[in-house]
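In order, the protein sequence lines correspond to chains Z and X.
Each residue of the first sequence is one higher than the last, beginning at 1 in this note's numbering.
Each residue of the second sequence is one higher than the last, beginning at 1 in this note's numbering.
Beta carbons are placed, not taken as given, at the ideal position from N, Cα and C, and that holds for glycine.
The structure appears right after this line, and notes come after that.
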Amino acid sequence: MKRFAALLAISFALALPALAQDWIRTGTGVGGEKIRLAVPEFKLATADPKSAPLDKNFNAVLFNDLYQAGIFDMVSRSFYPLGAIGSPAEARLDVWAAPPPNAAMLAFGSLGVSAGTLQVQGWLYDVKSPQNPQVLAKQYREAATDDNARIIAHRFADEIIFRLGGGITGIAETKLYYISTRTGHKEVWAMDYDGAAQHAVTHLDSISLAPRVSPDNSRIAFTSFSKGGPGIAMWSLELGRLVKFPSFGGTTISPAWSSDGTRVAFSSSRSGDPEIYVCDQNGNNLKRLTETHGPDVSPVWNPKTNAQIAWVSGRSGLPQIYTMDADGSNVQRLTDQGYAVSPSWSANGQFLAFAWVRHYGPGAPGASDIYIMDVASRQWVQLTHDGGRNDFPSWSPDGRHIVYQSTRSGGEQIWSMLADGSQQTQLTFSSSNSQPNWSWK
Amino acid sequence: MILLHALVEFRSINPTNRPAEFPHRPHPSALALEDELKDNKMKWILLTLALAAIIGAAGCAKKQAPAAPPAAPPPPQPKATLSVSPDSIQHGGSAVLTWSTQDATNVNIDGIGDVQSSGSKAVSPGTSTTYRLTAQGPGGSIDATARLTVVEAPTPQPTSAAPVSDSSEAELFAQSMKDIYFDYDRFDLRAEDRAAISADAAFLKSHPSIRFTIEGHCDERGSTDYNLALGDNRANSARSALVTAGVPADQIKVISFGKEKPFCTASTEACWQQNRRAHFVYGQN
C-alpha cells in the first residue's frame, strides 16, 4: 500500500504537467552556461560611399553567424553602451563588463573601403581579464563586393567560434545542397548554410533527387532520371558538368559517400530487388551487402569509422532503420515501430538523425518528425513537434546543427535547427525545396 | 482533461509492437530530454492510477484554460484551378495549359517553374505529363493538377504496313492491359488482381512482338527515396507474375517513378489508391 501511494504521487507529479502539451523542451543550455558575447557594429574606417552598405551587410552576417552557432548568449543590442568601437583603444572594457551588458567577451572592429579594396580589422577581447584581454586580432583584405563582405564575416565568426567553442570548427563557411523546383524541374541547388546565395547547380531538365556532396566538396552524387530510369549521376563542381559514373541498371538511387571519399554506398534493384551495394568512388569493385526481399535504401556510412552503414529496410513491413558492418554482417534493427526513414550519421559517429512517424496506423495519425538516436544505447530524442511533415535530416560537420525539410509553412521548404531542436530557422521560401545535404567542411 | 490524457496515452502504448528490451528513456547526456513517459510498465501503472485518480479527483476544481485572445480572421486558404486543352495530343503536337489562383503569393507549376497568379501557356511535352500547380499563400498551400496524354505518333518505317500496325498495336495495348493496384506500403499482388494479370498475360502472349514498360508508382505519403524502392518492388511484382504466367522476360522493361509522377494529387485515399500501381506503357524508351 505504501508503494501504491508512492506511485500515485509520482503519477501526479509526472502526468499533470503533461496535460498542457505532451512534451517538454529542455536544451543544451540547461546546466552548461553559454558565453555572453557582445558584438557592436563595426566602425566605418573610410568615407567611401561603398563602405556603409558593405558594413551593414557585414554586421548582419556576423551577428547571425554567432547567434546561429548555438554556443553564445548574445547580449541584446539595446544594452550596448553608446559610441562605436573601431580599435582596442576605444574599447572601455569596464563598461562592457558591468551590467546591463555584463558581457564576458567582446568582438569589435572596423571596416573600410579604399581603391576598391575592402579591409576589415577584427578583435575578440576577454572583457573579464582587462590586464591581458586580447583573444584574437584579425585582418582581412578582399575586393570590395557584397559577397566578400559576407565571406569575411563568416571567416571572422568561424575564428571566434573555433576559439571559444572547444576547438570545434564553425560552420559559417559551409554549404547546403538540395533539390529545388524553381526552374520548373527538380534540379540540384546550393546555398550558404544561412540560406544566402541560393543558386542552381544542375540544368538537366529531368528529375534530380537526393544530392550528396563529396567530402572534398569537388563532386555531387545524386539520383537522376536523365537517362530514363533512376540511376546515380555524378556532377563535378569544378568542371560544372556531369562526369562518368557507371550505370548499374534497375532502380539505382540514394548514393552516400564514405567520409574518406574513397567509396560510395547506394541502393540498386539491378538484381530485381532493391538492395544495398558499395563501390569505389569511380564505380569499380561493386559489392552487394544485403540479401533480403523488399526495399533496402538510403545507406549512410558511420563517418567516424567507415566500418558501419545505417540504412532503411522494409524487410519486416513498414520501413525501419538498421545498421550493419560495412561487409554486410552484424545486422541490427534500431527502430522498433512506426515508419522510420532518411538516416544521417553525425560526424562523431555517436548519433543518427532520422525521420520517424512513430505512432503509425489507423487511429494514431502521427506526424513525420525528426529524431536523433544514440547509436550505442538506442535511446532517442524527438527534435521537431507539431509542425507538418519533416524529413531528410542532415548533420552539420560541427555536430551542433541539423538541416531538414518541413511542410510546416505550407509547401516543402528547408529549415535548420540546433541539434537540441531549438532555433528552428526557415532557409528557403520560393517554390518547393527538399532533401538538403550539409557539406563536410 | 485527465481522462483525455489517459486515452491519448493508452493509444500510444500499443504493447504488442514494442520489444521489452528496447530502452525508451532518453539518455541523460542527450541534448534534449523528452519528459513523456516511455517506460511500458510505468505507463500501464500510471494509466491505471490516472483512471483511478479521475474518480478521486472528480470534485477538484477544473484547470482553467487561459482566455483565448480575440482571434484574428485567419488568412484565406489559396484557391487554384488548372486545366489543359485539349487533354490528349499526338506526339509533337501542343496544348494550352490554363490556370488561375486566388490568395496565393507564390505559384509554381512542376515542369514550368514560378508563374503569375493566373495565365496560360502552350506546352508540347514528349510524353504524357501530369502538370501540378502549387499555390502557396499566407493561408496555406493547395495543389491542382491536369493530365495531358500524348499519343505516340506512328514512327516512320520503310515498310508501308508498319506504321498502321504499330499505331493500332499501341492502341490495342492501351485498351487491353489492365494496371495492377496495391495496398499501402505493400508490393505483393492482391487476390483480386490475379484476374487482371491473367488477362494481361493472355494478351501479351498473343502479341509476342510487343515490347513494353512496367512503371512502378507510389502515393504521396512517405519518403521520396523509400518510395522509389517500393515502386521498383511493385513493378517487379507485376513483372514476376507476368513471367510466371508465360510472358517472355525480354518483352518487359521495369522503371520506378516512386512518387515523382502521380496520376492524381488530391490527399484522399481514392487518389492515393490510383497512385499505388504498376502501370503498363507501350514501348521501351
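* Asked: In the structure shown, what three-state DSSP assignment does Gly137/X receive?
  -> strand
ask   = Going by beta carbon distance, what residues of the same chain come within less than 7 Å of Glu90/Z, once the five residues before and after it are set aside?
value = none
| Cβ of Glu286/X less than 8 Å from any chain Z Cβ? | Residue coverage of chain X in this structure runs from 1 to 285, which leaves residue 286/X outside it and unanswerable.
Exercise for the section: Tell me, please, whether the CB atom of Pro23/X is closer than 8 Å to any CB atom in chain Z? Expected result: Caution applies to Pro23/X, whose pLDDT of 40 falls short of 50 and renders its modelled position unreliable; the model cannot decide the point.
Of the choices His279/X, Tyr131/X and Thr134/X, whose alpha-carbon is the least far from that of Phe212/X? His279/X
Q.
Less than 6 Å between C-beta atoms, sequence neighbours within five positions excluded: which residues of the same chain meet that for Pro86/X?
A. Ala95
task = Go ahead and pull the three-state DSSP assignment for Glu215/X.
result = strand
Review point. Which of the residues in the segment 99-125 of chain X, read from start to end, lie with their CB under 8 Å from any CB of chain Z?
Key: Asn106, Asn108, Ile109, Asp110, Gly111, Ile112, Gly113 and Asp114
Tell me the residue span of the alpha helix (DSSP H) that contains Gly421/Z.
Premise fails: Gly421/Z is in no alpha helix (DSSP H) and is neither H nor E.
Checklist entry - In chain Z, which residues lie less than 8 Å from Ala229/X when you measure between Cβ atoms? => result Within chain Z, the residues near Ala229/X are Thr251, Ile253, Ser267, Ser269, Pro274, Pro295, Asp296, Val297 and Gly314.
Notebook entry, point to check: Rounded C-beta distance between Ser254/Z and Ser267/Z? I'm assuming under 8 Å.
Noted result: 5 Å
Check: Where do the N-terminal and C-terminal ends of the beta strand (DSSP E) with Ala310/Z fall, by residue?
Finding: Gln308 to Ser313
Any beta carbon from chain Z within less than 8 Å of Tyr226/X's own beta carbon?
yes
**Report entry** Cβ neighbour criterion (16 or more within 10 Å) applied to Asp398/Z
**Finding:** Looking at its Cβ environment, which holds 16 or more other Cβ atoms inside 10 Å, Asp398/Z is buried.
Discussion item. Could you tell me the alpha carbon to alpha carbon distance between Asp143/X and Ser416/Z, rounded to whole angstroms?
Written reply: 26 Å
Q) Under the three-state reduction of DSSP, which class applies to Ser431/Z: helix, strand or coil? A) Residue state for Ser431/Z is assigned as coil, using DSSP reduced to three classes.
Look up His185/Z in the DSSP assignment and say whether it is helix, strand or coil.
coil
Check your understanding: Using a beta-carbon distance cut-off of less than 7 Å, what residues from the segment 205-223 of chain Z approach chain C?
Key -> Reference to chain C is not applicable here, since the protein chains of this structure are Z and X.
Going by the CB atoms, is the gap between Gln382/Z and Asp369/Z shorter than 8 Å? yes
key: Contacts of Gln273/X in chain Z (Cβ-Cβ under 9 Å)   = Near Gln273/X there are no residues of chain Z at all, since even the closest Cβ is about 16 Å away, more than 9 Å.
- Item | 9 Å Cβ cut-off: residues of chain Z touching Glu260/X | Lys186, Ile207, Leu209, Phe225 and Pro230
So is Asp185/X in contact with chain Z if we call contact Cβ pairs under 8 Å?
-> yes
Review point. How about Asn433/Z: is its C-beta nearer than 8 Å to some C-beta of chain X?
Key: The beta carbon of Asn433/Z does not come within 8 Å of any beta carbon belonging to chain X, so the residue lies off that interface.
Among the candidates Glu169/X, Thr265/X and Phe203/X, whose CA atom is the shortest distance from the CA of Gly246/X?
Out of Glu169/X, Thr265/X and Phe203/X, Phe203/X has the C-alpha closest to the C-alpha of Gly246/X.
Requested in this report: Please report the Cβ distance between Ser298/Z and Val341/Z, rounded to the nearest whole angstrom; I am assuming they are in contact, meaning their Cβ atoms lie under 8 Å.
Outcome: The pair is a contact, with the Cβ atoms about 6 Å apart (cut-off 8 Å).
Check your understanding: Cβ of Ala355/Z less than 8 Å from any chain X Cβ?
Key -> yes
**Message:** Taking the beta carbon of Met191/Z as the centre, do at least 16 other beta carbons fall within 10 Å, making it buried, or is it exposed?
**Reply:** The residue is buried, with at least 16 neighbouring Cβ atoms inside 10 Å.
- Query: Taking only beta-carbon atoms, is Val341/Z less than 8 Å away from chain X?
  - Reply: yes
- Message: Need the endpoints of the beta strand (DSSP E) that Gly119/X sits in, please.
- Response: Ser118 to Val123
TODO: Inspect the beta-carbon positions of Gln413/Z and Phe429/Z and report whether they are closer than 8 Å.
DONE: yes
**Message:** Along the chain, where does the beta strand (DSSP E) containing Gly109/Z start, and where does it finish?
**Reply:** Met105 to Ser114
**Prompt:** Skipping 5 residues on each side, what residues in its chain have a beta carbon closer than 6 Å to that of Gln139/Z?
**Reply:** Gln121
Among the candidates Gly388/Z, Gly387/Z and Gly421/Z, whose CA atom is the shortest distance from the CA of Val403/Z? Taking only the C-alpha atoms, the option nearest Val403/Z is Gly421/Z.
Next on the checklist: Relative to the C-alpha of Ile152/Z, which candidate in Gly166/Z, Cys279/Z, Leu62/Z and Ser78/Z has its C-alpha closest?
Outcome noted: Leu62/Z
Considering only the beta carbon of each residue, do Gly137/X and Thr105/X sit closer than 8 Å?
yes
In whole angstroms, what is the alpha-carbon distance linking Asn233/X and Lys205/X?
23 Å
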